[in-house]
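K.L.:
Please read through the structure below; I'll follow up with questions.
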Amino acid sequence: MIQSNSRRNKPKIWSVLPVVCLMLLSMHNQAQTKKFTLLHTSDEHSVLMPLPASDYHAEYDNPTLGGFARLSGMVQQIKEEKGDEPVLLLSAGDFIGGSPYAWLILEGYSPELALMKQIGYDAATIGNHEFDYGPDLLAEYFLRLGYPDAHEDLPLIISNLDIPAQNKLEQVEFPKNRIIQLDNGLKVGIFGLLGRVAYSLAPYAEPVGIIDPLEVAQQQVSQLKKEGADVVIALSHSGIAEDREFAQNTEHLDIILGGHDHIRTPEPEVTGNTILLHSTYYLQNLGILELVWDANTGKVDVRNSENNTPFQIPLDHTVKEDSAVAEKVDYYTEKLNNFVGEFTDNLFTDVYAYVMESEFDLRKKAPKEETTIGNFLTDAMRLESEKVLGERVDIAFQANGVIRGDIIPGTRPWSEGKVSFMDLATIAGLGSGPDQKAGYPLVSVYLTAQEVYNLFEIASLISQLMGDTHFLQFSGARYTYDPGKTTWIKIPLANLPVPAYRAVQEVKIFHGEGIQNPKEMYELDTESDKLYHLVSDYYLTSFLPMIGEILPRLNIVLKDKNGNPVDLDSTIIRHKGTEFKVWEAMARYAVSFEEGPHGLPAMPEVYKNTQGRIKTQNGVPLAAYSYGALAAIAGGLFFLGRWVVRKVKRSRKRA
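Going by this note's numbering, the first residue of the sequence shown is number 5, and it counts up by one from there.
Quick look at the structure:
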């Protein structure tokens with residue numbers, strides 16, 4: 005009988021030691037590192053449905069991007085794919101303002117945040133456009149959703165708002181920060197910032213102010229770390245320049261998810277140990293960061309490359325929509341149709357109906373330049389105001405920052421060459437008037453010839469100092485300016501420019517009828533006693549007298565047709581008893597054209613290209629003369645000093 009050798013059959017202990025060690029090491033490493041994923045959006049701007057609206061179709065292939073139903077579908081898909089790995093969905097603000105769906109806020113609804121709660125956002129911060137209707141209406145927007153209790157479902161985190169006592173917005177009780185403990189034990193601290201430039205573009209925010217965001221950023225990071233946060237995230241509505249400043253000057257800040265200036269960082273920027281990502285606007289993309297935190301180093305690293313995961317996922321037609329969210333969007337669409345129909349006396353009753361056709365796009369192709377979309381909108385303001393007022397309007401003007409998009413005709417079989425009401429209204433739908441109804445109202449004022457000239461000088465100066473959002477588009481006039489002659493020099497240390505009042509080289513006024521024709525122009529005579537009739541929107545016009553107070557040489561006084569000074573509210577244009585809105589003027593202008601091949605009013609060929617309304621003439625910048633003069637003075641003082649020193653030395657030798 006064969007005897008078994010028990011010692012021979014038993015594995016030797018040293019043969020399994022390597023396997024055991026590897027297992028223990030793996031378990032140790034897993035305990036020391038924690039994986040998680042961040043999903044990010046910003047500047048959603050009430051775009052509940054994909055854009056351009058003309059091409060959207062729920063079933064067929066189309067080139068549109070965005071929409072809350074697609075967003076929800078993609079978020080659900082990612083969470084399912086991640087399994088046990090924690091996923092956070094965050095917004096960097098400006099979820100309000102832009103699309104006509106924002107108009108429902110003034111009708112007692114809160115569509116954007118209601119949908120964001122339904123989709124499952126874990127936190128959001130406040131942007132400048134949240135204040136489009138002022139602090140009181142913003143407070144009502146949040147309160148009807150159940151805030152402050154609703155912070156448990158969707159925290160609205162803002163760390164640097166300065167809300168005065170007794171202001172209605174106090175009732176919302178915004179948390180300055182929040183620590184979320186993930187299922188894997190990782191503690192994520194979140195705070196929110198409204199940037200300096202963004203706040204400057206929220207004139208209706210007052211009396212609510214902000215505290216210096218850079219100072220607050222360091223305070224919040226230190227506090228969150230002290231309270232046990234492993235990872236700290238800033239939701240920043242500040243723009244890329246300020247976000248880079250925060251990254252460079254804030255210690256132990258791990259991640260910045262930013263927004264405001266509508267840019268997309270193709271991949272995260274890393275400054276020191278701070279990861280910065282912007283995910284563009286209108287829900288065109290969903291930003292995604294796959295991350296790992298190391299307990300030994302306290303450092304967060306990006307690991308998208310492990311799974312070949314892109315940093316931006318387009319929310320295009322391939323994304324399956326969430327039917328429950330789509331149903332809720334349909335509900336808000338019905339409410340919007342009701343409002344528009346009532347406001348326009350049933351001229352427009354379906355916001356997704358095609359209202360005009362065009363064989364070409366009208367786009368903003370470059371900053372600080374005349375644009376075809378700017379020409380179209382300002383012509384609409386001028387010519388439709390003439391119809392309502394029953395009198396000639398000489399000039400209309402509008403700022404680029406209020407022109408929110410392009411006219412892009414449809415490209416699909418069902419939409420070829422067509423433009424919907426939604427696409428038009430999205431371009432010009434910001435703000436409200438004293439009537440608390442959607443859209444900035446148009447105003448009618450009269451200026452002297454010299455004040456008209458001052459307006460063009462202001463247009464030249466402000467855009468050079470404050471950027472493209474302040475660049476003005478015009479109808480009814482043509483002007484040439486030299487960007488290098490807007491200012492003399494910047495005062496050292498204070499960084500304040502000294503206006504030169506020499507930028508405008510020529511101003512000509514259109515004296516014909518209808519769409520501006522460059523052959524029917526005459527030169528503006530600043531010595532003339534003639535009063536010129538201007539229209540613009542309520543918001544933009546409110547700044548003109550203020551500029552005159554700061555720069556008296558560019559003084560502008562709003563007047564009636566008889567030359568009497570008037571207050572702004574009395575200048576509002578009214579149509580059938582209601583404020584005449586910029587968006588309404590644009591829509592009415594669109595349906596005023598002759599019928600085209602598709603049976604809809606057709607875009608006139610004149611808008612295919614710009615018309616030379618705004619021209620630049622680049623000469624020698626005045627700053628060159630200024631610095632040259634300073635250099636000459638400095639050189640003169642230097643040689644004078646040497647001459648004095650020599651004279652003193654010679655006199656001493658003689659003595």
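Ideal Cβ placement from N, Cα and C applies to all residues, glycine included.
How should W107 be labelled, buried or exposed, when 16 other C-beta atoms within 10 angstroms of its C-beta is the threshold for buried?
P.N.:
Walking along the sequence shown from the start, residue 107 turns up at place 103. When all chains shown are included, W107 counts as buried.
K.L.:
Are F4 and K422 close, meaning C-beta to C-beta below 9 Å?
P.N.:
No information on residue 4 is available, as it lies outside the stretch 5 to 659 that the chain covers here.
K.L.:
Going by beta carbon distance, what residues of the same chain come within less than 7 Å of Q388, once the five residues before and after it are set aside?
P.N.:
Translated into the one-based positions of the sequence shown, residue 388 becomes position 384. According to the sequence provided, residue 388 is Glu. The question's Gln does not apply to it. Excluding positions up to five away in sequence, the list reads A589, R592, Y593.
K.L.:
According to DSSP, M4 sits in a beta bridge with which residue or residues?
P.N.:
Lying outside 5 to 659, the shown extent of the chain, residue 4 is not represented and no answer is given.
K.L.:
With distances taken between CB atoms, is the gap from Y105 to S50 smaller than 9 Å?
P.N.:
As a working note, residue 105 is residue 101 in the sequence shown. As a working note, residue 50 is residue 46 in the sequence shown. At the C-beta level, Y105 and S50 come within 9 Å of one another.
K.L.:
Comparing the CB of P445 with every heavy atom of the ligand ADP, is any distance shorter than 8 Å?
P.N.:
The ligand ADP is not part of this structure, which contains no ligands at all.
K.L.:
Could you tell me the distance, in whole angstroms, from the CA atom of Y542 to the CA atom of V274?
P.N.:
On the sequence shown, position 538 is the one that residue 542 refers to. On the sequence shown, position 270 is the one that residue 274 refers to. Whole-angstrom Cα-Cα distance: 42 Å.
K.L.:
Kindly indicate which residue of A202, Y450, Y483, K489 has the alpha-carbon position closest to the one of Q468.
P.N.:
Sequence index remark: in the sequence shown, residue 468 carries index 464 (1-based). It is K489.
K.L.:
Taking the C-alpha atoms as reference points, what is the distance between D258 and F40?
P.N.:
On the sequence shown, position 254 is the one that residue 258 refers to. On the sequence shown, position 36 is the one that residue 40 refers to. The straight-line gap from Cα to Cα measures roughly 14 Å.
K.L.:
Check whether the region 174 to 193 and the region 238 to 254 are in contact - that is, three or more C-beta pairs closer than 8 Å.
P.N.:
Too few Cβ pairs lie closer than 8 Å, so no.
K.L.:
Going by DSSP in three states, S532 sits in which element: helix, strand or coil?
P.N.:
The residue labelled residue 532 in the question sits at position 528 within the sequence shown. Correct three-state label for S532: coil.
K.L.:
What's the gap between the Cα of K332 and the Cα of D47?
P.N.:
Sequence index remark: in the sequence shown, residue 332 carries index 328 (1-based). Sequence index remark: in the sequence shown, residue 47 carries index 43 (1-based). Near 20 Å, if we compare the C-alpha coordinates of D47 and K332.
K.L.:
With a threshold of 8 Å, are at least 3 pairs of Cβ atoms found where one atom belongs to the region 387 to 406 and the other to the region 332 to 341?
P.N.:
no
K.L.:
For the beta strand (DSSP E) that L142 lies in, which residues bound it at each end?
P.N.:
Along the sequence shown, one-based indexing puts residue 142 at 138. Annotation: L142 is outside any beta strand (DSSP E); the continuous alpha helix (DSSP H) that includes it extends over 138 to 147.
K.L.:
For the beta strand (DSSP E) that contains E294, what are its first and last residues?
P.N.:
As a working mapping, residue 294 is identified with position 290 in the sequence shown. Here the beta strand (DSSP E) through E294 covers 289 to 298.
K.L.:
Out of V201, W297, Q223, state which residue places its alpha-carbon closest to the alpha-carbon of P90.
P.N.:
Walking along the sequence shown from the start, residue 90 turns up at place 86. Selection V201, W297, Q223 evaluated against P90 yields W297 as nearest (Cα-Cα).
K.L.:
Please classify A299 as buried or exposed, where buried requires at least 16 neighbouring CB atoms within 10 angstroms.
P.N.:
Residue numbering aside, residue 299 sits at position 295 when the sequence shown is read from its first letter. With fewer than 16 other Cβ atoms within 10 Å, it is exposed.
K.L.:
For F40, which three-state DSSP category applies?
P.N.:
Here residue 40 is taken as the residue at index 36 of the sequence shown, counted from 1. Of the three classes helix, strand and coil, the one that applies to F40 here is strand, per DSSP.
K.L.:
Just to check my reading of the structure: I462 and L381 have Cβ atoms closer than 8 Å, yes? What is that Cβ distance to the nearest angstrom?
P.N.:
Numbered from 1 along the sequence shown, position 458 holds the residue referred to as residue 462. Numbered from 1 along the sequence shown, position 377 holds the residue referred to as residue 381. Not really, about 19 Å apart at Cβ, beyond 8 Å.
K.L.:
What does a CB cutoff of less than 7 Å around N164 pick up in its chain, not counting 5 residues either side in sequence?
P.N.:
Counting from one through the sequence shown, the residue named residue 164 turns up at place 160. Around N164: L197, L198, I214, I215, P217, V220.
K.L.:
Return the residue from the list Y285, P487, K391 that minimises the CA-CA distance to R408.
P.N.:
On the sequence shown, residue 408 is found 404 positions in, with the first residue counted as 1. Of the listed residues, the one whose Cα sits closest to R408 is Y285.
K.L.:
For E455, which residues from the same chain have a beta carbon less than 6 Å from its beta carbon, with the 5 sequence-adjacent residues on both sides left out?
P.N.:
To locate residue 455, count along the sequence shown from 1; it is residue 451. Closer than 6 Å at the Cβ level, and outside the excluded window around E455, lie I560.
K.L.:
By alpha-carbon positions, which one of D439, T129, T269, A96 ends up nearest to E111?
P.N.:
What you label residue 111 is simply residue 107 of the sequence shown in a count that begins at 1. If we check each option's Cα against that of E111, D439 comes out closest.
K.L.:
Give a yes or no on contact between the region 342 to 357 and the region 569 to 588, applying the rule of three or more CB pairs nearer than 8 Å.
P.N.:
yes
K.L.:
Figure out for me which residue from H256, T313, S574, L205 has the closest Cα to the Cα of Q227.
P.N.:
In the sequence shown, counting from the first residue as 1, residue 227 sits at position 223. The residue with the shortest Cα to Cα distance from Q227 is H256.
K.L.:
Are there three or more Cβ pairs, one per stretch, closer than 8 Å when the region 552 to 567 is compared with the region 469 to 482?
P.N.:
The region 552 to 567 vs the region 469 to 482: no contact.
K.L.:
Give me the residue from L42, G150, L43, A57 with the minimum Cα distance to R416.
P.N.:
As a first step, residue 416 must be located in the sequence shown, where it is residue number 412. Checked all of L42, G150, L43, A57; the closest Cα to R416 is A57.
K.L.:
Find out if the Cβ-Cβ distance for the pair S448, H579 is shorter than 9 Å.
P.N.:
If you number the sequence shown from 1, residue 448 lands on position 444. If you number the sequence shown from 1, residue 579 lands on position 575. Cβ atoms of S448 and H579: not closer than 9 Å.
K.L.:
Grouping DSSP H, G and I as helix and E and B as strand, with all else coil, what is P4?
P.N.:
The shown model of the chain, from 5 to 659, leaves out residue 4, and the question about it has no answer.
K.L.:
Per DSSP, F514 forms a beta bridge with which residues?
P.N.:
Along the sequence shown, read from residue 1 onward, the residue named residue 514 stands at position 510. Bridge partners of F514 according to DSSP: M525.
K.L.:
Does the separation of the CB atoms of I184 and H133 fall below 9 Å?
P.N.:
Position 180 of the sequence shown holds residue 184. Position 129 of the sequence shown holds residue 133. No, the pair does not count as a contact, with Cβ atoms beyond the cut-off.
K.L.:
What three-state label does DSSP hand L544 in the structure shown?
P.N.:
In the sequence shown, residue 544 corresponds to position 540, counting from 1. Looking at L544 - three-state DSSP - the assignment turns out to be helix.
K.L.:
Determine the burial state of Y137: buried for a count of at least 16 other Cβ atoms within 10 Å of its Cβ, exposed for fewer.
P.N.:
Translated into positions along the sequence shown, residue 137 becomes position 133. It is buried - the Cβ of Y137 has at least 16 other Cβ atoms within 10 Å.
K.L.:
Considering I466, what are the terminal residues of the alpha helix (DSSP H) in which it resides?
P.N.:
Numbered from 1 along the sequence shown, position 462 holds the residue referred to as residue 466. That run of the alpha helix (DSSP H) goes 453 to 470.
K.L.:
Mind checking W418: buried by the 16 CB within 10 Å criterion, or exposed?
P.N.:
Along the sequence shown, read from residue 1 onward, the residue named residue 418 stands at position 414. Exposed, because fewer than 16 other Cβ atoms sit within 10 Å of the Cβ of W418.
K.L.:
From K86 to P601, what does the alpha carbon distance come to, in whole angstroms?
P.N.:
As a position in the sequence shown, residue 86 is number 82, starting the count at 1. As a position in the sequence shown, residue 601 is number 597, starting the count at 1. Answer to the nearest angstrom: the Cα atoms are 51 Å apart.
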